[in-house]
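I have placed the structure first, in the form of structure tokens, so that the comments after it can refer back to it.
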Amino acid sequence: MAVETSSIAGEPHNSFEEVIAADSQPEIHPDLALVERAKAGDTAAFEQLVRQYERQIFRTAQHITQNREDAEDITQDVFFKAFQKLDQFQGNSKFSTWLVRIAVNESLMRLRKRKTSKTVSMDQDVETDEGSIPRDFAEWRPNPEQNYSQAELAEILRKTIAGLPPGFRTVFTLRDIENLSTEETAAALGLSVPAVKSRLLRARLQLRERLSRYFRQNNEASK
Amino acid sequence: MNCTEFLSKLTDYFDGQIDPALLTEVKAHLGTCHHCEVVVDTTRKTIDVYRGAVNYEFPEELSNRLRAAVMERCLASGKLPNIEVKASTKPAGQ
Numbered sequence: 001m002a003v004e005t006s007s008i009a010g011e012p013h014n015s016f017e018e019v020i021a022a023d024s025q026p027e028i029h030p031d032l033a034l035v036e037r038a039k040a041g042d043t044a045a046f047e048q049l050v051r052q053y054e055r056q057i058f059r060t061a062q063h064i065t066q067n068r069e070d071a072e073d074i075t076q077d078v079f080f081k082a083f084q085k086l087d088q089f090q091g092n093s094k095f096s097t098w099l100v101r102i103a104v105n106e107s108l109m110r111l112r113k114r115k116t117s118k119t120v121s122m123d124q125d126v127e128t129d130e131g132s133i134p135r136d137f138a139e140w141r142p143n144p145e146q147n148y149s150q151a152e153l154a155e156i157l158r159k160t161i162a163g164l165p166p167g168f169r170t171v172f173t174l175r176d177i178e179n180l181s182t183e184e185t186a187a188a189l190g191l192s193v194p195a196v197k198s199r200l201l202r203a204r205l206q207l208r209e210r211l212s213r214y215f216r217q218n219n220e221a222s223k
Numbered sequence: 224m225n226c227t228e229f230l231s232k233l234t235d236y237f238d239g240q241i242d243p244a245l246l247t248e249v250k251a252h253l254g255t256c257h258h259c260e261v262v263v264d265t266t267r268k269t270i271d272v273y274r275g276a277v278n279y280e281f282p283e284e285l286s287n288r289l290r291a292a293v294m295e296r297c298l299a300s301g302k303l304p305n306i307e308v309k310a311s312t313k314p315a316g317q
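These protein sequence lines map, in sequence, to chains X and E. Just so you know, the first sequence maps onto residues 1 to 223 in the numbering used here. Just so you know, the second sequence maps onto residues 224 to 317 in the numbering used here.
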């Protein structure tokens with residue numbers, strides 16, 4: 001659902017009541033009302049925002065860090081930072097996109113701490129050509145995932161996505177798993193739309209290449 | 224359209240953001256190139272299998288615990304004045 005929120009940022013003198021009373025602006029996202037109430041000191045409104053997005057933020061953090069405990073800590077940190085910086089949210093993007101952006105930054109920071117000797121960023125490995133050209137042209141079995149138990153499949157998918165560079169994993173997570181639009185993904189990551197498309201293509205192709213080991217016809221390696 | 228040109232349009236093709244003239248070219252290429260046809264089929268399956276299978280657990284207990292911790296930290300920060308304290312640990316949906 002596309003929501004036009006940019007008009008809010010250009011009307012700083014309108015009170016919240018004036019804004020929501022304006023029938024001519026039916027496109028105002030309900031989150032903005034909650035944000036305005038939270039800014040005014042209504043913690044119940046902020047708690048409602050937490051309730052709405054905690055699952056998405058947790059999943060995003062878990063996808064990127066591949067660690068459940070980290071995801072719990074990050075989820076707390078994201079909402080606490082959002083609360084502290086609520087005044088900086090101007091409504092130029094969706095509130096959820098703003099939260100996801102904080103979550104991505106916190107998650108990448110957590111990965112950096114974990115790998116102190118290596119740089120972890122959205123740009124890592126982007127300059128390489130690895131995985132940008134398909135090499136495996138084997139057809140897959142029909143419904144190949146049904147050849148594995150739920151636990152086996154989960155482990156295959158976890159291992160496969162964990163092998164992607166963080167920048168590619170993050171783009172794939174937001175775009176293909178969390179179902180953000182290309183534009184929302186770009187906004188959340190601070191990237192251009194062409195950069196998102198490029199990384200998404202390479203993420204998809206690399207995952208495809210790795211999954212093919214398990215899903216291809218006449219596969220001898222999987223079971 | 225050759226395979227390299229086809230690959231460069233793959234993201235737009237999957238996302239349905241391709242103009243009709245180019246779509247015709249893409250489909251024509253797919254009709255003649257088995258390798259690219261396999262790449263399309265298996266890449267689409269890759270996306271589908273992740274969308275369908277990745278479902279991290281987020282139980283009610285975790286939801287309540289995280290939300291309570293967040294609200295406790297927010298209130299303890301003392302950032303907002305005149306707050307009607309409603310930071311609850313009340314489970315969602317109750």
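Every residue gets a Cβ at the ideal spot worked out from N, C-alpha and C, and that includes glycine. Just so it is clear, the structure is predicted and the values come from calculations on it, not from any experiment.
Residue i at chain E interface by Cβ criterion, 8 Å
| i | result |
| --- | --- |
| residue 146 (chain X) | no |
| residue 182 (chain X) | yes |
| residue 168 (chain X) | no |
| residue 30 (chain X) | no |
| residue 37 (chain X) | no |
| residue 208 (chain X) | yes |
| residue 47 (chain X) | yes |
| residue 213 (chain X) | no |
| residue 134 (chain X) | yes |
| residue 197 (chain X) | yes |
| residue 205 (chain X) | yes |
| residue 50 (chain X) | yes |
| residue 111 (chain X) | no |
| residue 139 (chain X) | yes |
| residue 226 (chain X) | In the structure displayed, chain X extends from 1 to 223; residue 226 (chain X) sits before or after that span and is not available. |
| residue 154 (chain X) | yes |
| residue 34 (chain X) | no |
| residue 174 (chain X) | no |
| residue 157 (chain X) | yes |
| residue 200 (chain X) | yes |
Whole-number beta carbon distance between residue j and residue i, since they are thought to touch under 8 Å
| i | j | result |
| --- | --- | --- |
| residue 89 (chain X) | residue 71 (chain X) | Rounded, the Cβ-Cβ distance is 23 Å, inconsistent with contact. |
| residue 180 (chain X) | residue 172 (chain X) | Wrong, their Cβ atoms sit about 11 Å apart, outside the cutoff. |
| residue 168 (chain X) | residue 208 (chain X) | Their Cβ separation, rounded to whole angstroms, is 12 Å, which puts residue 168 (chain X) and residue 208 (chain X) out of contact at 8 Å. |
| residue 175 (chain X) | residue 200 (chain X) | 5 Å |
| residue 289 (chain E) | residue 54 (chain X) | 6 Å |
| residue 178 (chain X) | residue 56 (chain X) | 6 Å |
Test: residue i CB closer than 8 Å to a CB of chain X
| i | result |
| --- | --- |
| residue 270 (chain E) | yes |
| residue 273 (chain E) | yes |
| residue 229 (chain E) | no |
Straight-line Cα distance separating residue j from residue i
| i | j | result |
| --- | --- | --- |
| residue 150 (chain X) | residue 287 (chain E) | 27 Å |
| residue 33 (chain X) | residue 45 (chain X) | 9 Å |
| residue 252 (chain E) | residue 283 (chain E) | 49 Å |
| residue 342 (chain E) | residue 254 (chain E) | No answer is possible for residue 342 (chain E): it lies beyond the span of chain E, which begins at 224 and ends at 317. |
| residue 239 (chain E) | residue 158 (chain X) | 28 Å |
| residue 35 (chain X) | residue 49 (chain X) | 8 Å |
| residue 94 (chain X) | residue 217 (chain X) | 43 Å |
| residue 272 (chain E) | residue 211 (chain X) | 10 Å |
| residue 186 (chain X) | residue 301 (chain E) | 34 Å |
| residue 276 (chain E) | residue 264 (chain E) | 18 Å |
| residue 99 (chain X) | residue 82 (chain X) | 7 Å |
| residue 113 (chain X) | residue 77 (chain X) | 15 Å |
| residue 189 (chain X) | residue 237 (chain E) | 21 Å |
| residue 104 (chain X) | residue 170 (chain X) | 8 Å |
| residue 242 (chain E) | residue 206 (chain X) | 26 Å |
| residue 249 (chain E) | residue 87 (chain X) | 47 Å |
| residue 267 (chain E) | residue 257 (chain E) | 15 Å |
| residue 154 (chain X) | residue 184 (chain X) | 27 Å |
| residue 101 (chain X) | residue 73 (chain X) | 16 Å |
| residue 226 (chain E) | residue 140 (chain X) | 20 Å |
| residue 147 (chain X) | residue 161 (chain X) | 19 Å |
| residue 29 (chain X) | residue 137 (chain X) | 45 Å |
| residue 166 (chain X) | residue 60 (chain X) | 12 Å |
| residue 63 (chain X) | residue 41 (chain X) | 33 Å |
| residue 245 (chain E) | residue 230 (chain E) | 13 Å |
| residue 37 (chain X) | residue 215 (chain X) | 51 Å |
| residue 292 (chain E) | residue 156 (chain X) | 33 Å |
Beta-carbon neighbours of residue i, restricted to chain C and to distances below 8 Å
| i | result |
| --- | --- |
| residue 189 (chain X) | Of the protein chains in this structure, namely X and E, none is chain C. |
Any non-hydrogen atom of the ligand SAM closer than 7 Å to residue i Cβ
| i | result |
| --- | --- |
| residue 133 (chain X) | Ligands displayed in this structure: none; no statement on the ligand SAM is therefore possible. |
- Near-chain X residues of the stretch 289-302 of chain E (beta-carbon distance less than 8 Å), N- to C-terminal order: For the stretch 289-302 of chain E, the set of positions with a beta-carbon nearer than 8 Å to some beta-carbon of chain X reads 289, 290, 292, 293, 294, 296, 297, 298, 300 and 302 in chain order.
- Message: Suppose only complete runs of 3+ residues qualify. What are the beta strand (DSSP E) ranges in the stretch 15-100 of chain X, listed by chain order?
- Response: With a minimum length of 3 residues, no continuous beta strand (DSSP E) run stays inside the stretch 15-100 of chain X.
- Task: Can you give me, in chain order, the residues of the stretch 79-103 of chain X that have a beta carbon less than 7 Å from any beta carbon in chain E?
- Result: Flagged, chain order: 79, 80, 83 and 84.
- Contact list for the stretch 237-256 of chain E against chain X, Cβ threshold 9 Å: Of all residues in the stretch 237-256 of chain E, only 237, 238 and 240 come within less than 9 Å of chain X when Cβ atoms are compared, listed by chain position.
- Near-chain E residues of the stretch 54-78 of chain X - C-beta to any C-beta below 7 Å: Residues 54, 55, 58, 59, 62, 72, 75 and 76.
- Query: Counting only runs that start and end within the stretch 235-287 of chain E, where is the alpha helix (DSSP H) found for 4 or more residues in a row?
  - Reply: The stretch 235-287 of chain E contains, as complete alpha helix (DSSP H) runs of 4+ residues, the segments 243-255 and 257-276 (chain order).
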